[in-house]
Structures are given as structure tokens and as C-alpha cells.
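First comes the structure, then the notes that go with it.
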Amino acid sequence: MNGALRGFDRLYGLELVSFSDTEVRAQVTVRDELKQPAGLVHGGVYASVAESIASLATALAVLENGDMAMGMANSTSFLRPVTEGVVHAHATRLHRGRTTWVWDVRFSDDRDRTCAVTRMTIAVRPRPDGQPARLP
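Start counting the sequence shown at 908; every next residue gets the next number (this note's numbering).
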């Protein structure tokens, strides 16, 4: 599944650990390039991980119906800073609707302390050409 990651996800180092249409686990190894000036992992990393893993899980589930998935809303609360190690993400699907899916993502550090939480809403829409897409 990591082979399907492209562009920005590869740039910041997203790694998928486990994957289904109800739950996703992923991680990002902390590097200096991912930190804001105070030395903490930048908030954009958390938002990016949440959107990527929720969008990908949703997209794979709706693909065969000729639909596509894209982020619609992303709200992240930061609870504890991460400065080193690995940021772990665990996404759980809360709602599977016809046009929207909703996910909660819990971020933790290497000591399994909750560091951030995200509520992610994914829009499901027909593909413009109406044809099922193929994965790379």
C-alpha cells in the first residue's frame, strides 16, 4: 500500500502501517524539516497525515463504484508536542455515508501519549468520467 503514496505524502515521509475501510494506522519519522521554529513537529504534518489516510481509505472503498474521495473538513487540536522519534496516527471511521465519511484520528508519540486529535470529513463524489479508477 505504501507504493500508492505519491507527491506530498512521500515528501514528508508518510508510512502506512495497517489499512482497511474502517481503520488506518500510519506513522511519520520526525526530521528537522518537519519542525516549526520552536523545534516541535509542525501542525501541518498532523493535518496532512489525517487528510491523507482518511482520504485514501475512503477512496479505495468507493473506487469500484466510480466515485472519488477528497478532504472536505479537517479540524486538529494539538495536546502535547512531539520533538523527536515517530508520530503515530490511528484513524477510526465514525460514519460511512453516501456522500460523506467521517474519521477520528488520534496522534501519539513513541510513549503512546496522545499528542493531537483530528476530526476529518471526506467528501465522496462521482468521478468526472463515471468510470471506476485503477490503482497505480
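Ideal Cβ positions, reconstructed from N, Cα and C, are used throughout, including at glycine. Predicted model only: the values in this text are computed from it and were never measured.
Which residues does DSSP pair with residue i in a beta bridge?
i, result
"glutamate 922", "Gln934"
"aspartate 1036", "Partner(s): none; aspartate 1036 has no beta bridge."
"aspartate 1011", "Thr999 and Arg1026"
Report the three-state DSSP secondary structure of residue i (helix, strand or coil).
i, result
"arginine 913", "coil"
"valine 989", "coil"
"aspartate 974", "strand"
"serine 927", "coil"
Report yes if the C-beta distance between residue i and residue j is below 8 Å; otherwise report no.
i, j, result
"leucine 947", "threonine 990", "yes"
"threonine 1025", "valine 1009", "no"
How many whole angstroms separate the CB atoms of residue i and residue j, which I take to be in contact at a CB cut-off of 8 Å?
i, j, result
"alanine 1023", "alanine 998", "Wrong, their Cβ atoms sit about 12 Å apart, outside the cutoff."
"phenylalanine 1014", "alanine 996", "5 Å"
Taking all protein chains shown into account, decide if residue i is buried (16 or more other Cβ within 10 angstroms of its Cβ) or exposed.
i, result
"glutamine 934", "buried"
"leucine 921", "buried"
"aspartate 916", "buried"
"leucine 941", "buried"
Is the beta carbon of residue i within less than 7 Å of some heavy atom of the ligand SAH?
i, result
"alanine 1030", "Absence of the ligand SAH from the depicted structure is noted, as is the absence of any ligand whatsoever, leaving it without description."
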